[in-house]
Amino acid sequence: MKKAPLAEKFGARLLGPDRTRFRLWAPGQQAVSVELDPGTAHASIVPMPARREGWFEVEVARGAGTRYRYRLADGTAVPDPASRMQDGDVHDASVVVDPAAYPWRNTRWRGRPWSEAVIYELHVGAMGGFDGVRGHLPRLAELGVTVIELMPIADFPGARNWGYDGVLPYAPDRAYGTPESLKALIDEAHGLGLMVFLDVVYNHFGPDGNYLHAYAPSFFRDDVHTPWGPAIDFRRKPVREFFTGNAAYWLHEYRFDGLRLDAVHAIAEQDWLEEMAHAIRQATDRQRHVHLVIEHDGNAVPLLEHEFDAQWNDDGHHVLHRLLTGETQGYYRDYDDRPAARLARCLAEGFVYQGEASAHRGGQHRGRPSAHLPPTSFVLFLQNHDQIGNRALGERLRTLVGARVQALRAAVALVLLAPQIPLIFMGEEYGVETPFLYFTCHGPDLAAAVREGRRKEFESFPAFADEAARAAIPDPNEPSTFEASRHGLFQDTADWYAYYQALLRCRRDALMPSLDATRALWARALGERGVEARWSLGDGRVLAIAANFGDDAVAATVPGSAFDLLFESRQGLARGLRHGELEPTCTLAWTEAQTP
1 MKKAPLAEKF
11 GARLLGPDRT
21 RFRLWAPGQQ
31 AVSVELDPGT
41 AHASIVPMPA
51 RREGWFEVEV
61 ARGAGTRYRY
71 RLADGTAVPD
81 PASRMQDGDV
91 HDASVVVDPA
101 AYPWRNTRWR
111 GRPWSEAVIY
121 ELHVGAMGGF
131 DGVRGHLPRL
141 AELGVTVIEL
151 MPIADFPGAR
161 NWGYDGVLPY
171 APDRAYGTPE
181 SLKALIDEAH
191 GLGLMVFLDV
201 VYNHFGPDGN
211 YLHAYAPSFF
221 RDDVHTPWGP
231 AIDFRRKPVR
241 EFFTGNAAYW
251 LHEYRFDGLR
261 LDAVHAIAEQ
271 DWLEEMAHAI
281 RQATDRQRHV
291 HLVIEHDGNA
301 VPLLEHEFDA
311 QWNDDGHHVL
321 HRLLTGETQG
331 YYRDYDDRPA
341 ARLARCLAEG
351 FVYQGEASAH
361 RGGQHRGRPS
371 AHLPPTSFVL
381 FLQNHDQIGN
391 RALGERLRTL
401 VGARVQALRA
411 AVALVLLAPQ
421 IPLIFMGEEY
431 GVETPFLYFT
441 CHGPDLAAAV
451 REGRRKEFES
461 FPAFADEAAR
471 AAIPDPNEPS
481 TFEASRHGLF
491 QDTADWYAYY
501 QALLRCRRDA
511 LMPSLDATRA
521 LWARALGERG
531 VEARWSLGDG
541 RVLAIAANFG
551 DDAVAATVPG
561 SAFDLLFESR
571 QGLARGLRHG
581 ELEPTCTLAW
591 TEAQTP
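Residue numbers (the numbering used here): 1 to 596.
As structure tokens, this is what we get:
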């Protein structure tokens, strides 16, 4: 990627070995200074001359490693909102960083095509920080994933957090390691043929450590609110540039291969998303693969028609979850009626909701027609951080399905062999029952509010209707809640790792080379809990998948006379299919010639 000038507009930029430019957008202030080496005998305060449109800027004879804070007119000391590293936590001093200090080894890496993506979502803290994740890379490459996706790492308050409470979007959290250790992780991944994506949060700031209101109140709107507070005001050019620069910064300076943008439906100015993505595309070397993925509750088809590679397919997850567990509470109620037919629509057309009214959303219409999009425009998964961690007790599917393990294995085969881009959540490949709970590390007052808010969130659920049941919901702020989410995370059970590995090997060898030009042909429900689908692959073959999550056999289409079996979740299933019968709790995949 070429230089990222927008990223250089904000914060402390090293101009030479002993010279740094400090720059702050503070339209709510008449005067701003930069305090160097705060808290030491050598501390000094340097006034920052005011520039146009709310900017303050000064150059100082200091180099990398300099600690600093900004001083507002009333004497309040704040960290740099574009801090590249903190000297401690979010309330502490920021540190000048040399972006060229790390000696990259894999300089010829250009990424991989989107059609080769198999995503492994992970929480850096649960895996031991940047160095801990780095130690897992050979195992993940051997498993067959091609992308590791880091949950947000932007500096958050305390020692542990999901990452969605970040307040300093440019600073990797020091609880995970230094900027150099993050770069070493990415460098090592590239050497193993793995892409690295970063989950970024541009729709809100966390509740502790965000000082923008003090000096840039116009960063936020007073007429639009989100679940996390006042909406960020993307109508303003400096706000747009702050986040566009952040995206360019991660992709350029840290050489991430892609970004996953969290909950972008909460951004009022949707046009900024295309503006940002276009800027990234324009600044990217054409020989390099950079991928942009969104999470969007509105099933944002227009975004997928232009600059974005894919969207997380919540529809696909919800209907699969309904078929496996029978749950109908919350948003699962939207998939209770004819779930097998809804899954068939997902496989054939991408989204289930393409403009229909959502009962869960009070009748609000959701989505647009998506059948014209390629299957690779959708990221399909059985589990992720949200779908596990937003449950009161953080149960994984292995716990929820109980004795119906074969049905779960059938669903895994469907997700990993369907042409949509598959995503695996850490530990899933071992079939673990380790929960993934919601955890934080806030001060006493905020911790109490988060604990009570978390418990109140579930009071409408029958299982937590009484106060005693809600009191048993793990306290997010207790260290034990975090530790419970790590214990036994990578202990294999019943050869699950080998099962995932075999499926991903099949995807790599039989499907990946032909996914670019793949198009859906048709899909249909098989009874109440089964589905079959056909896709035309780029090389002219037809990919067929038949899956049955029910406990009774169902009638299915007989394969052509010369079909090539790719995978069966249990041995011997193909014999029954030749007679038009699909056994209970199983998945088969095969290819056959295209019918003229």
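Backbone N, C-alpha and C define an ideal beta-carbon position, used for all residues, glycine too. Because the structure is a prediction, the values reported are computed rather than measured.
**Report entry** CB-CB length for Y254 against I186, believed under 8 Å
**Finding:** 6 Å
Query raised in the report: So, helix, strand or coil for N299, using DSSP?
Result: coil
Report task. Using three-state DSSP, classify G238 as helix, strand or coil. Result -> First, the amino acid is wrong: residue 238 is Pro here, not Gly. Helix, per DSSP.
Query raised in the report: Using CA coordinates, which residue listed in A348, F482, Q364 is at the minimum distance from V531?
Result: A348
Query raised in the report: Which word fits K237, buried or exposed, when buried means at least 16 other C-beta atoms lie within 10 angstroms of its C-beta?
Result: exposed
Query raised in the report: What is the rounded straight-line gap between the Cα of K9 and the Cα of R23?
Result: 7 Å
Query raised in the report: Taking the alpha carbon of H213 as the point to measure from, which residue in N246, V167, H487, R174 has its own alpha carbon closest?
Result: V167
Requested in this report: Have a look at D223 and A371 and give me their C-alpha separation to the nearest angstrom.
Outcome: 36 Å
Report task. Starting from V412, follow the alpha helix (DSSP H) in both directions and report where the run begins and ends. Result -> 405–417
Query raised in the report: Per DSSP, M48 forms a beta bridge with which residues?
Result: V32
Query raised in the report: With respect to the alpha helix (DSSP H) encompassing R134, which residues constitute its N-terminal and C-terminal limits?
Result: 129–143
Query raised in the report: To the nearest whole angstrom, what separates the beta carbons of A533 and A523, a pair I think is in contact under 8 Å?
Result: 4 Å
Query raised in the report: Between which two residues does the beta strand (DSSP E) containing W496 stretch?
Result: No beta strand (DSSP E) holds W496; the alpha helix (DSSP H) holding it covers 496–506.
Query raised in the report: Is DSSP giving E581 helix, strand or coil here?
Result: strand
Report task. Could you check the C-alpha separation between F351 and D297 for me, to the nearest Å? Result -> 11 Å
Query raised in the report: What are the boundary residues of the alpha helix (DSSP H) that A449 is part of?
Result: 444–457
Requested in this report: Using three-state DSSP, classify Y120 as helix, strand or coil.
Outcome: strand
**Report entry** Neighbour-count burial assignment, A407, 16 or more Cβ in a 10 Å radius
**Finding:** buried
Query - Proximity below 9 Å, CB of R505 to CB of P476 - result: no
Query - Cβ-based neighbour list, H225, same chain, cut-off 8 Å, excluding 5 preceding and 5 following - result: A231
Query raised in the report: If you run the structure through DSSP and keep just helix, strand and coil, what is A101?
Result: coil
Requested in this report: Take A82 as the anchor and find which of G158, D173, G355 has the nearest alpha-carbon.
Outcome: D173
Query raised in the report: What is the rounded straight-line gap between the Cα of K2 and the Cα of S377?
Result: Here K2 scores only 42 on pLDDT, less than 50, and its place in the model is too uncertain to base an answer on.
**Report entry** Endpoints, alpha helix (DSSP H) assigned at C441
**Finding:** Per DSSP, C441 belongs to no alpha helix (DSSP H) and is neither H nor E.
Query raised in the report: Mapping DSSP to helix, strand and coil, what is E428?
Result: helix
Query raised in the report: CB L416 to CB Y500, shorter than 9 Å?
Result: yes
Query raised in the report: Alpha carbon to alpha carbon, how far is V60 from P169?
Result: 24 Å
Query - DSSP bridge partner residues for R524 (one or two, in chain order) - result: E532
Query raised in the report: Below 8 Å, can you find three or more Cβ-Cβ pairs linking the stretch 280–291 to the stretch 319–327?
Result: no
Query raised in the report: Shortest alpha-carbon distance to G538 belongs to which of Q594, L526, N313, D314?
Result: Q594
Query - Boundaries of the alpha helix (DSSP H) in which F482 is found, first to last residue - result: 479–484
Query raised in the report: What is the rounded straight-line gap between the Cα of W228 and the Cα of H579?
Result: 55 Å
Query raised in the report: What residue range is occupied by the uninterrupted alpha helix (DSSP H) comprising E180?
Result: 179–191
Query raised in the report: Since N203 contacts A266 with CB under 8 Å, what's their CB separation in whole angstroms?
Result: 4 Å
**Report entry** Backbone secondary structure at L320 - three-state DSSP
**Finding:** helix
Requested in this report: Please list, in chain order, all residues of the same chain as P47 whose beta carbon is under 6 Å from its beta carbon, the five residues on each side excluded.
Outcome: S33
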